[in-house]
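A.B. asks:
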Amino acid sequence: MTPKKPNSALRKVARVRLSNKQEVTAYIQGIGHTLAEHSIVLVRGGRVKDLPGVKYHIVRGKFDAGGVVGRKQSRSKYGSKTGETGGVAKPIATATPPAS
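Numbering (our numbering), first residue to last: 3 to 102.
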């Protein structure tokens with residue numbers, strides 16, 4: 003979805019069917035997501051100022067909407083855990099015996 007003037011970008015949104023059978027457009031905040039067609043998400047209120055008709059946000063880190071990987075600041079807003087890296091595996095430290 004594209005924003006109102008004077009902004010320009012491709013904002014990430016999803017059409018969500020609520021439990022009361024109503025369909026709304028919800029904003030997916032943060033960088034990257036893995037939501038597919040039948041994903042289950044939690045929706046909170048809060049409009050997106052430059053997207054007309056978008057009055058809801060998808061809560062990251064709950065149900066199928068995973069948290070933002072590699073987030074260091076404002077982690078609670080994006081569902082990130084402490085020390086989550088961007089999918090990079092840390093090497094296992096192996097102790098080599100000292101040469102005698």
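We put the beta carbon where it would ideally sit given N, CA and C, even for glycine.
Owing to the predicted nature of the structure, the values given are computational and were not obtained by experimental measurement.
Label residue 91 either buried or exposed according to how many other C-beta atoms from any shown protein chain fall within 10 Å of its C-beta, with 16 as the threshold for buried.
C.D. replies: One-based indexing of the sequence shown puts residue 91 at position 89. Unreliable positioning characterises residue 91 in this predicted model, as indicated by a pLDDT of 47, which lies under 50. The coordinate reading is nonetheless provided below. Per the 10 Å Cβ criterion, exposed.
A.B. asks: Between residue 29 and residue 84, what straight-line distance do the alpha-carbon atoms span, to the nearest angstrom?
C.D. replies: Stepping through the sequence shown from its first residue, residue 29 is reached at position 27. Stepping through the sequence shown from its first residue, residue 84 is reached at position 82. Whole-angstrom Cα-Cα distance: 24 Å.
A.B. asks: In this structure, does DSSP put residue 12 in helix, strand or coil?
C.D. replies: For this step, residue 12 is matched to residue 10 along the sequence shown. Residue 12: coil per DSSP, three-state reduction.
A.B. asks: Buried or exposed for residue 35, please, with buried defined as at least 16 other CB atoms from any protein chain shown within 10 angstroms of its CB.
C.D. replies: Locating residue 35 in the sequence shown gives position 33, where the first residue counts as 1. When all chains shown are included, residue 35 counts as buried.
A.B. asks: Under three-state DSSP, which class holds residue 7?
C.D. replies: Walking along the sequence shown from the start, residue 7 turns up at place 5. In the structure shown, residue 7 sits in coil (DSSP, three-state: anything other than H, G, I, E or B).
A.B. asks: Classify residue 64 as helix, strand or coil using the three-state DSSP reduction.
C.D. replies: Taking the sequence shown and counting its residues from 1, the one referred to as residue 64 is at position 62. Residue state, collapsed to three classes: strand.
A.B. asks: Measure the alpha-carbon distance for residue 50 versus residue 38 and round it to whole angstroms.
C.D. replies: Numbered from its first residue, the sequence shown carries residue 50 at position 48. Numbered from its first residue, the sequence shown carries residue 38 at position 36. Roughly 22 Å between the two C-alpha positions.
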